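Some notes on the structure that comes next.
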Amino acid sequence: MNTGSIKQNGLFLKFKYSLKGGKYYLKAAQGTKTTGKYLTYKSGVLSFESAASSDAVIEIINPNGASATEVTLNAIKMRETLALFQAHRQGTAHSPNGFFGTGVGQYPTPTVADFDYATYHIYLEGHADIGNGNAASEMERMERFKDALKLNLPKSGTFVVVTTKSQYEDAVRANAKTFRTKVDIDAAAGTSQPAQYLMASATGYKLTDDKSKAAVFYFDGQHLTGIDNGFGLGTPSYTQTENDQTAVIAQGKLEKTLDAGSYSLKVGDKFVKLDRTGGLSLSTSESDSHLFLEEATKFKLNTDELGYISFFAPTAVKVPAGVEVYSGNINAQNSVITFNKVNTQEIPAKTAVLLRKVTGKGSFEVEKIASTTSTIGNNSLKGYTVSSSDHLSNAYGLTVEGGKLVFKPLIQGVRAFRAVIYNNNAAGAPAYYPTAFTPEGIQGVTVDDNQAEVFDLAGRRVEAPVKGQVYVKNGKKFIQK
């Protein structure tokens with residue numbers, strides 16, 4: 000194999016196969032200066048040329064009658080080419096098996112052996128008499144190879160943090176010259192920079208060097224939404240519909256893999272750009288959008304001043320000891336929301352609950368688990384993975400008012416990953432719902448006539464308590480039986 004330098008203009012490019020004159024070439028489909036040009040291997044150098052020529056890197060031909068040497072050399076050239084457009088962002092310190100990325104994508108990573116078989120199969124143009132005569136095995140490897148180069152979205156149900164840098168980059172830089180590509184990445188792409196991470200704020204996201212402060216996002220198959228504040232990577236908004244959140248500004252949609260392990264994210268007609276110097280911004284160029292995702296299995300929740308937080312679990316999760324789990328319901332007369340303690344630390348997938356940190360205001364860590372046998376029944380709390388106005392009608396959300404835990408009508412929209420409850424009382428909607436707890440704050444007792452005086456929640460003395468209503472006696476709430 001000839002040796003030489005790699006011509007690298009710093010862009011991450013998208014290619015497509017182009018058929019011309021019975022031969023195939025790798026033609027750039029993206030890049031300001033290279034779109035429409037052919038990747039060419041000439042005098043030991045990879046470059047982009049306006050016209051296809053005999054020096055074009057990829058010639059997908061039927062090697063029947065051709066020498067094994069010719070097929071091998073073409074396969075080596077193809078490996079170099081694909082390595083170039085993948086930008087050498089993946090790999091490990093011990094082997095090049097991470098050739099096409101080992102991030103959080105849903106497709107398995109092909110090994111070098113898979114690559115060799117797949118390349119050979121491309122050259123054979125689908126002929127069955129290939130390899131060791133096992134056409135089914137060759138086709139399986141080929142499909143795996145193609146899948147790895149497809150739209151490489153994370154698996155639905157994945158929690159991730161967003162960073163400016165691939166977690167494999169330093170290993171690749173240190174070992175690139177031992178790989179088959181032998182590319183000087185420092186010379187081609189600049190020196191290595193420390194990773195930064197997106198951190199949540201009340202108005203969106205900003206960069207931090209501290210990974211422990213990184214916002215954790217949830218991918219529901221289409222939206223990438225922050226657990227911390229319920230926002231995507233665009234301008235924070237609760238007032239749009241779920242479809243608008245996908246297409247306009249508040250939520251981002253992962254488009255495709257640009258280079259190994261990296262994703263482009265589109266908001267409206269712009270692409271999200273993330274870098275150390277410019278922070279978070281929008282660009283018209285997809286090639287500017289490189290968001291690296293690292294899978295997260297744990298995240299923090301911050302309580303309100305009383306130690307409570309409502310939470311919708313999109314997957315099964317586990318909360319630590321010292322955190323209580325409650326289901327919630329509006330009582331028959333629509334006068335109060337009662338919470339019932341559930342004896343579990345595990346919350347099933349797609350379940351909304353109220354959580355209480357027994358030591359009061361603070362934060363605690365939630366851990367994703369594969370599944371749970373725990374069930375939470377008799378629960379009217381609901382939740383969603385996208386902040387939107389779609390589910391706003393008659394929706395009430397948790398807040399603290401006057402030192403008390405209440406549910407008030409939501410005005411702008413329903414916030415993702417928080418519990419809401421719906422008022423279905425045709426007689427009208429109250430200004431707020433007070434809350435009561437069982438078995439601690441509320442006992443469901445019957446009041447004896449000879450006991451202490453009874454008051455309603457407004458502080459008025461009640462002579463004849465009504466069944467099902469909430470009252471106060473001796474400073475404690477109870478439901479009249």
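Everything in the sequence shown is counted per numbering that gives the first Met the number 0, starting at 0 for the first residue and increasing by one. By construction, the Cβ of each residue, glycine as well, lies at the ideal position given by its N, Cα and C atoms. Bear in mind that the values here come from a model prediction, so they are computed numbers and not experimental data.
Which of helix, strand or coil DSSP assigns to E482: Limits of the chain in this structure are 0 at one end and 480 at the other, which puts residue 482 out of reach.
message: Tell me the residue span of the beta strand (DSSP E) that contains I329.
response: As a position in the sequence shown, residue 329 is number 330, starting the count at 1. First-last of the beta strand (DSSP E) with I329: V322 to I329.
Member of V357, L353, L300 and D389 whose CA lies at the smallest distance from the CA of L545: Here the chain has residues from 0 to 480 only, and residue 545 is not among them.
query: When the distance is taken between beta carbons, is A435 closer than 7 Å to T337?
result: On the sequence shown, position 338 is the one that residue 337 refers to. On the sequence shown, position 436 is the one that residue 435 refers to. In this structure, A435 lies closer than 7 Å to T337 by Cβ.
- request: Write down every uninterrupted run of the beta strand (DSSP E) in the segment 194-236 whose length is 3 residues or greater and which is fully enclosed by it, in chain order.
  value: Within the segment 194-236, the complete beta strand (DSSP E) runs of at least 3 residues fall at 196-200, 203-207, 216-218 and 222-225.
- request: Round the Cβ separation of V365 and F416 to the nearest angstrom and send it over; I've been treating them as touching at under 8 Å.
  value: Here residue 365 is taken as the residue at index 366 of the sequence shown, counted from 1. Here residue 416 is taken as the residue at index 417 of the sequence shown, counted from 1. That belief does not hold up - the Cβ atoms of V365 and F416 are roughly 10 Å apart, past 8 Å.
- prompt: Where do the N-terminal and C-terminal ends of the beta strand (DSSP E) with F363 fall, by residue?
  reply: As a position in the sequence shown, residue 363 is number 364, starting the count at 1. It spans S362 to K367 - the beta strand (DSSP E) in which F363 sits, taken as one unbroken run.
- prompt: Can you tell which of F311, D54, N228 and K36 has its C-alpha closest to the C-alpha of F47?
  reply: The count along the sequence shown starts at 1 and reaches residue 47 at position 48. Answer by Cα proximity: K36.
message: In the DSSP output, which residue or residues are listed as bridge partners for L353?
response: Locating residue 353 in the sequence shown gives position 354, where the first residue counts as 1. BP columns for L353 point to S309 and Y325.
message: For V465, count the other beta carbons within 10 Å of its own beta carbon; 16 or more makes it buried, fewer makes it exposed. Which is it?
response: Within the sequence shown, numbered from 1, the residue matching residue 465 stands at position 466. Classification for V465: exposed.
- prompt: Cβ atoms of A194 and N228: under 7 Å apart, would you say?
  reply: As a position in the sequence shown, residue 228 is number 229, starting the count at 1. As a position in the sequence shown, residue 194 is number 195, starting the count at 1. No. Outside cutoff.
- prompt: Is DSSP giving K241 helix, strand or coil here?
  reply: Taking the first residue of the sequence shown as position 1, residue 241 is located at position 242. According to the sequence as given, residue 241 is Glu; it is not Lys. E241: helix per DSSP, three-state reduction.
query: What do you get for A463, buried or exposed, if any count of 16 or more other CB atoms within 10 angstroms of its CB means buried?
result: In the sequence shown, counting from the first residue as 1, residue 463 sits at position 464. Residue environment: A463 is assigned as exposed (fewer than 16 neighbouring CB atoms within 10 Å of its CB, all protein chains considered).
Under the three-state DSSP convention, the category E400 falls into: By one-based count along the sequence shown, residue 400 stands at place 401. Here E400 carries a strand assignment [DSSP, helix/strand/coil].
task: With distances taken Cα to Cα, identify the nearest neighbour of T350 among I329, A320, V335 and V324.
output: Looking up residue 350 in the sequence shown gives position 351. Residue nearest to T350 within the set I329, A320, V335 and V324 is V324 (criterion: CA-CA distance).
message: T374 and P313 - do their beta-carbons sit closer together than 7 Å?
response: Walking along the sequence shown from the start, residue 313 turns up at place 314. Walking along the sequence shown from the start, residue 374 turns up at place 375. At least 7 Å separates the beta-carbon of P313 from that of T374.
task: With DSSP as the reference, please indicate the residues paired to E345 in a beta bridge.
output: For the purposes of this step, residue 345 is identified with residue 346 of the sequence shown, where counting begins at 1. Its beta-bridge partners are K317.
query: Out of curiosity, what's the CA-to-CA distance linking D448 and G156?
result: For the purposes of this step, residue 448 is taken as residue 449 along the sequence shown, with counting starting at 1. For the purposes of this step, residue 156 is taken as residue 157 along the sequence shown, with counting starting at 1. With a pLDDT of only 40 at D448, under 50, the local geometry of the prediction cannot be trusted, and the value read off the model is given with reservation. In a straight line, the C-alpha of D448 is about 55 Å away from that of G156.
message: For L197, tell me which candidate among V271, P408 and A315 has the shortest Cα-Cα distance.
response: Taking the sequence shown and counting its residues from 1, the one referred to as residue 197 is at position 198. When only C-alpha atoms are compared, the closest one is V271.
- prompt: Rounded C-beta distance between E345 and A320? I'm assuming under 8 Å.
  reply: Looking up residue 345 in the sequence shown gives position 346. Looking up residue 320 in the sequence shown gives position 321. That belief does not hold up - the Cβ atoms of E345 and A320 are roughly 12 Å apart, past 8 Å.
task: Under 8 Å by Cβ, that's how I've got Y421 and K407 pegged, so tell me the actual separation to the nearest angstrom.
output: On the sequence shown, position 422 is the one that residue 421 refers to. On the sequence shown, position 408 is the one that residue 407 refers to. So it is not a contact: roughly 13 Å between Cβ atoms.
query: When you compare each of K480, A428, L397 and S388 to T240 by their alpha carbons, which one comes out closest?
result: Within the sequence shown, numbered from 1, the residue matching residue 240 stands at position 241. Ranking the options by Cα distance to T240, first place goes to S388.
message: Would T207 and Y217 qualify as a contact pair, given that the criterion is a beta-carbon distance under 7 Å?
response: In the sequence shown, counting from the first residue as 1, residue 207 sits at position 208. In the sequence shown, counting from the first residue as 1, residue 217 sits at position 218. For the 7 Å CB-CB criterion, T207 and Y217 do not form a contact.
query: Can you name the residues that DSSP bridges to K164?
result: Counting from one through the sequence shown, the residue named residue 164 turns up at place 165. Looking at the DSSP assignment, K164 forms no beta bridge with any residue, so it has no partner.
task: Figure out for me which residue from V159, K403, S191 and S288 has the closest Cα to the Cα of Y307.
output: Taking the sequence shown and counting its residues from 1, one reaches residue 307 at position 308. Taking Y307 as reference, the option from V159, K403, S191 and S288 with the minimal CA-CA separation is K403.
task: On a CA-only basis, which of V357, V318, G361 and V335 is nearest T343? Give me that one, please.
output: Residue mapping note: residue 343 aligns to position 344 of the sequence shown, counting from 1. Check the Cα spacing between T343 and each of V357, V318, G361 and V335: the tightest is with V318.
query: K154: buried (16+ other C-beta within 10 angstroms of its C-beta) or exposed?
result: What you label residue 154 is simply residue 155 of the sequence shown in a count that begins at 1. Note on K154: under 16 other CB atoms within 10 angstroms of its CB, so exposed under the neighbour-count rule.
- prompt: From L232, Q221 and T296, pick the residue whose C-alpha is nearest to that of G203; which is it?
  reply: Here residue 203 refers to the residue found at position 204 of the sequence shown. For G203, the closest alpha carbon among the candidates L232, Q221 and T296 is that of L232.
query: Going by beta carbon distance, what residues of the same chain come within less than 8 Å of L409, once the five residues before and after it are set aside?
result: Here residue 409 corresponds to residue number 410 of the sequence shown, with the count starting at 1. Correct list, in chain order: L391, A394, Y395, G396 and V419.
field: Residue of T34, S362, L273 and F291 minimising C-alpha distance to V159
entry: Residue 159 sits at position 160 when you count from the first residue of the sequence shown. If we check each option's Cα against that of V159, F291 comes out closest.
- prompt: Do L279 and L273 have their C-beta atoms closer together than 7 Å?
  reply: Stepping through the sequence shown from its first residue, residue 279 is reached at position 280. Stepping through the sequence shown from its first residue, residue 273 is reached at position 274. For L279 and L273, yes; Cβs fall inside 7 Å.
Assumed close pair Q192, K164 - CB separation to whole angstroms, cut-off 8 Å: Here residue 192 refers to the residue found at position 193 of the sequence shown. Here residue 164 refers to the residue found at position 165 of the sequence shown. Going by Cβ atoms, the distance from Q192 to K164 rounds to 7 Å, so yes, they are a contact pair.
- request: Would you kindly work out how many angstroms separate the C-alpha atoms of A214 and Q479, rounded to a whole number?
  value: By 1-based counting over the sequence shown, the position of residue 214 is 215. By 1-based counting over the sequence shown, the position of residue 479 is 480. Their backbone Cα atoms lie some 45 Å apart in a straight line.
message: With a threshold of 8 Å on Cβ separation, who are the neighbours of T358 within its own chain once the five nearest residues in sequence on each side are excluded?
response: As a working mapping, residue 358 is identified with position 359 in the sequence shown. So the list reads G306 and G321, once near-sequence residues are dropped.
- prompt: In its own chain, which residues sit with a C-beta less than 8 Å from the C-beta of A430, not counting the 5 before and 5 after it?
  reply: Translated into the one-based positions of the sequence shown, residue 430 becomes position 431. Here the set comprises K407 and P408.
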